[in-house]
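Engineer: Last residue of the sequence shown: 187 (the numbering used here), numbering continuous.
Got a structure for you, written out below as structure tokens; questions coming shortly.
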Amino acid sequence: MTFIQLDYDTWFEQFKPITKTGTDLMRGDIAALDEVKALPGDDAVAGLLMFFKQNFYVYSKETQKKAIAAKAAQYITECPTAADYIKRLFKKEEGRPKSGLLMNYRQTTLDSLTSANNKFAVSLLIELMDESNLEVPPGDFGVAIAKMGIPSAPFAKTELKSASTPDGVATWKSWWKENKGGFPDK
Numbered sequence: 002m003t004f005i006q007l008d009y010d011t012w013f014e015q016f017k018p019i020t021k022t023g024t025d026l027m028r029g030d031i032a033a034l035d036e037v038k039a040l041p042g043d044d045a046v047a048g049l050l051m052f053f054k055q056n057f058y059v060y061s062k063e064t065q066k067k068a069i070a071a072k073a074a075q076y077i078t079e080c081p082t083a084a085d086y087i088k089r090l091f092k093k094e095e096g097r098p099k100s101g102l103l104m105n106y107r108q109t110t111l112d113s114l115t116s117a118n119n120k121f122a123v124s125l126l127i128e129l130m131d132e133s134n135l136e137v138p139p140g141d142f143g144v145a146i147a148k149m150g151i152p153s154a155p156f157a158k159t160e161l162k163s164a165s166t167p168d169g170v171a172t173w174k175s176w177w178k179e180n181k182g183g184f185p186d187k
């Protein structure tokens, strides 16, 4: 039998910003997300997605948690590695088995982009529609945009089925070409 020796001091130091942020968020300090946003590379995106998930899927009257989720979603779209991280998340990987946990993580990512409802989020979702080798149908990205409730959008929140069809995807792409210049950054 082989035992793995863990260096708990190193482990604790690496995850200190995450555990400290979790504690600070429980106290209501939304600004604690700044520490997670400042983490290097993909760690910032992954950490912010974690806090988004913990606070987004809660009872609607928990306004403090909803505010934390909204801030985490916004910060995700401001991370330098977010677009690359999210594209990799949806790509097929050779030999990777189907995973319910991964599907859940992808849905959380779509929900965070819908919640962010900004130019980065829409632009990335449109880009994903054109990506090859995805494990997610392009229509799922159209549904995420429709859920944003953008006034000028070709599909409303009530038209999710139409927003996800191949014609719907083509309509989204055409709409974005015409509207991206006037879309607010939020």
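The beta-carbon is built from N, C-alpha and C at its ideal position, and this holds for glycine as well.
With a Cβ-Cβ cutoff of 8 Å, do K158 and K174 count as a contact?
Structural biologist: Result no, Cβ atoms of K158 and K174 do not sit closer than 8 Å.
Engineer: G96: which of Q65, S116 and E136 sits nearest, CA to CA?
Structural biologist: It is E136 whose Cα lies nearest to the Cα of G96.
Engineer: Considering only residues of the stretch 54 to 138, which uninterrupted alpha helix (DSSP H) runs meet the minimum length of 4 residues and lie entirely inside it, listed in chain order?
Structural biologist: Entirely contained in the stretch 54 to 138, the alpha helix (DSSP H) runs reaching 4 residues are, in chain order, 64 to 79, 83 to 91, 101 to 117 and 120 to 131.
Engineer: With a threshold of 16 other CB atoms inside 10 Å of the CB of P188, please say whether the residue is buried or exposed.
Structural biologist: This structure cannot settle anything about residue 188, because the visible part of the chain is limited to 2 through 187.
Engineer: Mind checking whether V59 and C80 have CB atoms under 8 Å apart?
Structural biologist: Cβ atoms of V59 and C80: not closer than 8 Å.
Engineer: From K67 to A83, what distance separates their C-alpha atoms?
Structural biologist: Straight-line Cα distance between these residues: approximately 21 Å.
Engineer: Among N180, P139, D112 and P167, whose alpha-carbon lies nearest the alpha-carbon of S153?
Structural biologist: Among N180, P139, D112 and P167, the Cα nearest to that of S153 belongs to N180.
Engineer: For S113 and L50, I'd like the C-alpha separation in whole angstroms.
Structural biologist: Each residue's alpha carbon lies about 7 Å from the other.
Engineer: Given P155, which residues of its chain have a CB within under 6 Å of its CB, disregarding the five upstream and five downstream residues?
Structural biologist: Within the same chain, P155 has close Cβ partners T172 and W176.
Engineer: Exposed or buried, what is D141 when buried is set at 16 or more other beta-carbons lying within 10 Å of its beta-carbon?
Structural biologist: Label assigned to D141: buried.
Engineer: Please determine whether the Cβ atom of P152 lies at a distance below 7 Å from any heavy atom of the ligand SAM.
Structural biologist: The ligand SAM is absent from the structure shown, which contains no ligands of any kind.
Engineer: Within a Cβ cutoff of 7 Å, which residues of the same chain sit near G169, ignoring the five residues on either side of it in sequence?
Structural biologist: So the qualifying residues of the chain are G140, G143, F156 and S163.
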